[in-house]
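See below for the structure under consideration.
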Amino acid sequence: MFENLNHPLIAMPLPSFDVVIVGAGVAGSAMAHALATIPRLNLFRVALIERSFSQPDRIVGELLQPAGVEALQQLSMSSALDGTGAVPCAGYSIIQGGDHIQVAYPEGTEGRSFHHGRFVMGLRRVAMQNKNVTPIEANVTNLIEDPVTGRVVGVSITSKSSNEESKMDVFGDLVIVADGCFSNFRNTVLEKAAIQPKIFSYTIAAVLKDATPPLPGHGTLVLPRGLPAIAMYQLTDTETRMLIDIKEPLPEDIPDYIFNRLVPELPLSLQKPVIEAFKTDRIRKMPNRFLPAVKQGTKSSKTGIILLGDSWNMRHPITGVGMSVALRDVVYLRKAFCNFESFENWEDVSSAVRKWHWDRKFHASTLNILSAGLYGILSRDDGTYKSLRKGTVKFFMNDPTGLQIKRFLEFISGWNSSPIALVGYFSSIAASTGLLTLTHPEQILERVGPDGKALVGPATLMEYPGFVVEVVLMAWTMLSVLLPVLWSEARPW
């Protein structure tokens, strides 16, 4: 399964480790390599525990933004992309009706899209080329706590070999839990500070075969009439991932929803591949969750252990920034630990973890706010949300200099990490939409007369009070979208 490794998947008997990492996904594997390569006289001994080291099969985590590509370079893990068939991604294509907008990443940068499982296997391969990383294929069943201090000192694991189940304990000076969005230990680690993830919606996914993207080498965001946004990106030269956002309550007949409600709203070039994909493949569903980052290393959480990745911080996948946040977190955490000789002194470790929380804050918060704000605007196509969605597209289209498109890509690609600038950007979208509503209402509003028929032609003076009310409602809607996530990111705990 892992060629050219200098050690088996489990070493017997197990020694005590400097760090025990639970979960060998994107965050866990990158963290194992990051810690194992810190230059020291005696390299850190890292245990990397995963339920199964076979290739995972997921429908998200397949688009790596330029900031994530840069983080791989900083961690010396760029070779993890080798052999994955990763496709370069130069930017985005946004489609709404007859409007088609191309937005490109900042010059000299690009993202990558790929099968998630292949990328994870690449990360594991790089991590386990380090002789001081010990992979352990087992289920983590419990945390081991010191009976006197309550500090977490290791984990209990269960593994199977030749149909025989064996149990043992793995000890480490520091335990890092990176077991993903369905974390088994989140509440235990954070204790009273734990926050329950909020489910935004669900993603229905399929792989389109031999589909021609509207703009090859770019991610695609389609805004179908009356429906939430749809995201697409190439996995290989012949495969395109399609992610359909569906809010609760879910349709009773999802295939009927896709074939009769969704497909007619898609570009003609995509309709046949979508029908074929959902007729031949099983329909896969994934909850889209939001989980703000809680400060760790405080008296509110357990000692000797921290959370990393989706087990601790999640955002809606519409912007595809999740892996970039996780990999940047690893970069910052490695820097926080780079001068440590050991992790025995929790006071020193917790101080570094608290500093790490603020070091990562601007980058992570900007991307979290971007995801929540963009999803809030694009997730609905009714009422005031419909006006904001139209206004967002017009905001990009009516940009002769391309400055606003450039600013958007700077945020989503991770090069602009200013939450204040991002809030100002969303305010510009709302202001532009409001101005357009008052000056060219036909571009934003569906005007209806007393008889219920659509109005055409210039607006009458009698309509303008209604336009003013609509502008006020749009401002309120934008605030209602942004304020909850702004509060969750700005609070000091």
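Using UniProt numbering, read the sequence shown as starting at 1 and increasing by one per residue. Quick reminder that beta carbons are idealized off the backbone N, C-alpha and C, glycines included.
Check	Outcome
Same chain only: Cβ atoms within 7 Å of VAL126, ignoring 5 sequence neighbours per side	HIS33, MET77, SER79 and ALA80
For MET77, the three-state DSSP class (helix, strand or coil)	coil
Candidates SER161, ARG118 and ARG334: closest to ILE176 by CA position	ARG334
Coarse secondary structure for GLU3, derived from DSSP in three states	Note that GLU3 has pLDDT 38, beneath the 50 cutoff, so the model's placement of it is unreliable and the number below is only indicative. The answer is coil: DSSP assigns GLU3 none of H, G, I, E or B.
Spatially closest choice to VAL330 from PHE340, LEU307 and TYR202, by CA coordinates	LEU307
Strand pairing of LYS209, partner residues [DSSP]	GLU239
Within 9 Å, strictly: CB atoms of LEU174 and VAL20	yes
As assigned by DSSP and simplified to three states, the class of GLU164	strand
Straight-line Cα distance separating ILE38 from SER342	12 Å
Nearest candidate by alpha-carbon position, reference VAL393, set HIS116, VAL423, VAL222 and PRO197	VAL222
Residue 572, DSSP secondary structure in three states	No answer is possible for residue 572: it lies beyond the span of the chain, which begins at 1 and ends at 493.
Inter-residue spacing [alpha-carbon to alpha-carbon] between residue 510 and THR109	Since the displayed the chain opens at 1 and closes at 493, residue 510 lies outside it and no answer follows.
When TYR105, ASN132 and PRO213 are compared against ARG40, the one with the closest alpha-carbon	ASN132
Endpoints, the beta strand (DSSP E) within which PHE290 is located	284-290
Element boundaries [alpha helix (DSSP H), containing SER300]	Segment: none, SER300 is in no alpha helix (DSSP H) and carries neither H nor E.
For THR433, the first and last residue of its enclosing alpha helix (DSSP H)	419-439
Where the beta strand (DSSP E) through ALA104 begins and ends	99-104
Closest residue to GLY457 among LEU445, PRO465 and GLN65 (Cα-Cα distance)	LEU445
Spatial neighbours of GLN55 in its chain, beta-carbon cut-off 8 Å, leaving aside the 5 residues before and after	GLY117, ARG118, VAL120 and MET121
Sub-9 Å separation of PRO419 and GLU463 beta-carbons	no
Runs of beta strand (DSSP E) wholly within the region 361-405 (minimum 3 residues, chain order)	none
9 Å Cβ cutoff, ALA205 in contact with chain C	Note that chain C does not occur in the displayed structure, where there is just one protein chain.
Touching by the beta-carbon criterion (3+ pairs, under 8 Å), the region 348-356 and the region 86-101	no
Whole alpha helix (DSSP H) elements within the region 122-196, 4-residue minimum	186-190
Straight-line Cα distance separating VAL325 from SER311	13 Å
Length at least 4, wholly inside the region 241-287: the alpha helix (DSSP H) runs in chain order	268-280
Inter-residue Cα distance where the pair is TYR105 and GLU410	7 Å
Three-state secondary structure (DSSP) of ALA11	Its pLDDT being 43, under 50, ALA11 is placed unreliably by the model, and the measurement read from it follows with that caveat. It is coil, neither helix nor strand.
Reduced DSSP secondary structure (H/G/I, E/B, other) of PRO317	helix
Coil, strand or helix - ASP18 by DSSP	strand
Distance between beta carbons of PHE17 and VAL170, contact taken as under 8 Å	7 Å
C-alpha distance - ALA71 paired with ASP82, whole-angstrom precision	16 Å
Other residues of its chain near SER379: CB distance less than 6 Å, five sequence neighbours each side excluded	PRO228
GLU50, enclosing beta strand (DSSP E) - first and last residue	46-50
Inter-stretch contact at 8 Å, needing at least 3 Cβ pairs: the region 246-262 / the region 195-207	yes
The region 187-198 contacting the region 284-303, beta-carbon criterion three pairs below 8 Å	yes
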